[in-house]
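Per this note's numbering, the sequence shown starts with residue 7, numbered consecutively. All residues carry an ideal CB built from backbone N, CA and C; glycine is no exception.
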Amino acid sequence: MAKAPSVKAATANRTAAPKRGSRLSYILDEQVGFILRQVSQRHSAIFANAIGNNLTPTQWAALSKLAEVGPCSQNQLGRLTAMDVATIKGVIDRLTARGLTETSADPTDGRRLLVSLTRAGQQMAEKAAPNAFAITRETLAPLDARERETLVALLNKLR
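Here's what the structure looks like:
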């Protein structure tokens, strides 16, 4: 009786480059980048349907991070939310135009501006937070509690 290949061996066979002279065995549906993109698309659809308040994912990231850490420089906020300089600038410009954020001079460095939530921005963050928790629950709903913990731990290891 032949021994079934282990999960590790099966995964290695699917993700390894084909041997020279063999047929291309690259199966897109089995590649981590493709799977991650599909999961991201599913999560984005759930987010768009549930967040409310006409917030984009990047706007929500900036609002929620400011609610978490308080005022900070635009550059620091970009680093904390994994956005490049141009993206965070555009996000803050749009949030400021909506009256959700404001900038002020940093009292310790006059060359730097601090971004902070306005009262409306704080209220928006508080109003949207339950929706954001629900988005996470729905995204992870196909998994049991242990699988959720494992997935989050593995994703954190990959970043």
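Take the Cβ of residue i as the centre, count every other Cβ of all protein chains shown within 10 Å, and call the residue buried at 16 or more, exposed below.
i, result
"F40", "exposed"
"K71", "buried"
Helix, strand or coil: how does DSSP classify residue i here?
i, result
"G58", "coil"
"S122", "strand"
"V158", "helix"
"S31", "coil"
"Q44", "helix"
"R152", "helix"
"P11", "Annotation note: pLDDT 47 at P11 (below 50); position unreliable, coordinate value reported separately. Three-state result, P11: coil."
How many angstroms separate the CA atom of residue i from the CA atom of residue j?
i, j, result
"A56", "R118", "35 Å"
"L69", "R100", "12 Å"
"L83", "A151", "31 Å"
"N60", "W66", "10 Å"
"T64", "V97", "7 Å"
Exercise for the section: List in chain order: all unbroken beta strand (DSSP E) runs of 3+ residues lying wholly within the stretch 99-146. Expected result: 107-112 and 115-123
Handout entry: Residue ranges of each alpha helix (DSSP H) within the stretch 64-90, 4 or longer
Key = 80-86
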